[in-house]
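The sequence shown maps to residues 138 to 367 in the numbering used here.
Where a beta carbon is used, it is the ideal one built from N, C-alpha and C, also for glycine.
Everything on this sheet refers to the single structure shown next.
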Amino acid sequence: MNEELKKYVIIVAGGSGTRFGSQLPKQFLPLAGKPVLMHTIEKFAATIPGIEVIVVLPQSQQEFWLSLCAENRFEIAHRVVAGGDSRYASVKNGLDSIDSDNAIVAVHDGVRPLVSERVIRDSFTTAAAAGSAIPVVEVTDSVRQITADGSSMALDRASLRAVQTPQTFSLSLLREAYSGGYSPLFTDDASVVEAAGHKVALFDGDTTNIKITRPADLAIAQLIINKKDE
138 MNEELKKYVI
148 IVAGGSGTRF
158 GSQLPKQFLP
168 LAGKPVLMHT
178 IEKFAATIPG
188 IEVIVVLPQS
198 QQEFWLSLCA
208 ENRFEIAHRV
218 VAGGDSRYAS
228 VKNGLDSIDS
238 DNAIVAVHDG
248 VRPLVSERVI
258 RDSFTTAAAA
268 GSAIPVVEVT
278 DSVRQITADG
288 SSMALDRASL
298 RAVQTPQTFS
308 LSLLREAYSG
318 GYSPLFTDDA
328 SVVEAAGHKV
338 ALFDGDTTNI
348 KITRPADLAI
358 AQLIINKKDE
């Protein structure tokens with residue numbers, strides 16, 4: 138990895154808790170004694186010394202986040218940037234807050250607190266060499282595609298991969314991709330980069346790098362943490 142390149146992570150935390158069935162946004166729910174988002178920030182800060190952490194939060198949640206930081210004596214340095222009305226807009230706001238030109242930037246879901254040090258390191262190493270790095274895992278469930286007439290067809294899961302974050306890129310490449318405007322087909326940063334005409338490099342993710350979306354996910358995350366502490 139080129140150590141001269143400055144490293145950033147944009148942690149996107151714009152959840153509302155609607156699908157979770159909670160009034161408290163998912164990123165603020167307690168996990169092993171502290172909010173989910175704090176686990177996520179801690180993992181990047183511990184893995185990449187000197188990384189600059191940018192947390193993208195809705196304006197309406199920022200005061201509450203600051204109170205959580207004070208309550209938990211959370212002192213890891215990070216900047217808070219206002220989120221947009223879509224994930225695309227939130228990531229773009231995070232990118233616009235970076236004043237470097239020559240850097241590598243990871244974009245990570247705030248509610249993926251169990252990302253491993255190995256995945257974080259591999260994401261920066263791969264991006265430094267290839268310009269991009271997308272963690273993926275094999276699909277273990279059978280999958281079907283719904284067709285236009287309402288029927289469905291089986292797909293070969295051996296040719297499919299489930300995509301995770303952090304998705305990591307050369308800063309200049311990601312900025313170029315995000316200058317092209319929004320499309321509803323953008324589901325992640327890789328799709329934005331591909332729409333701009335760039336290929337993306339895949340690397341092995343981790344099955345424990347789960348995204349906390351529903352109550353069962355939080356329970357599974359707690360079990361994983363408990364297992365690691367044994």
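- Your pair Val273 and Gln301 checks out as a contact, with CB atoms roughly 7 Å apart and the cut at 8 Å.
- With respect to the C-alpha of Asp325, the residue from Ser227, Arg281 and Gln198 having the closest C-alpha is Ser227.
- A direct Cα-Cα distance of roughly 14 Å separates Ala358 from Met175.
- Every beta strand (DSSP E) of 3 residues or more that sits fully in the region 256-294 is shown, in chain order, as 269-275, 280-283 and 289-292.
- Three or more Cβ pairs closer than 8 Å define a contact, and the region 268-282 meets that threshold against the region 336-355.
- Look at Gln359 here: in three-state DSSP terms it is helix.
- Between Lys144 and the set Ala291, Ala264 and Gly317, the nearest pair of CA atoms involves Ala264.
- For Thr177, the uninterrupted alpha helix (DSSP H) run begins and ends at Val173 to Thr184, by DSSP.
- Here the alpha carbons of Ala270 and Arg294 stand approximately 22 Å from one another.
- Fewer than three pairs of CB atoms, one per stretch, sit closer than 8 Å, so the region 214-229 makes no contact with the region 283-291.
- Per DSSP, reduced to three states, the secondary structure at Asp326 is helical.
- Rounded to whole angstroms, the gap between the alpha carbons of Ile178 and Ile213 is 8 Å.
- In the DSSP assignment, Tyr145 falls within the unbroken beta strand (DSSP E) covering Lys143 to Val149.
- Here Glu313 really is in contact with Ala333; their C-beta atoms are around 6 Å apart, less than 8 Å.
- Excluding residues up to 5 positions away in sequence, Tyr225, Val228, Lys229, Leu232 and Val329 lie with their Cβ nearer than 8 Å to the Cβ of Tyr315 in the same chain.
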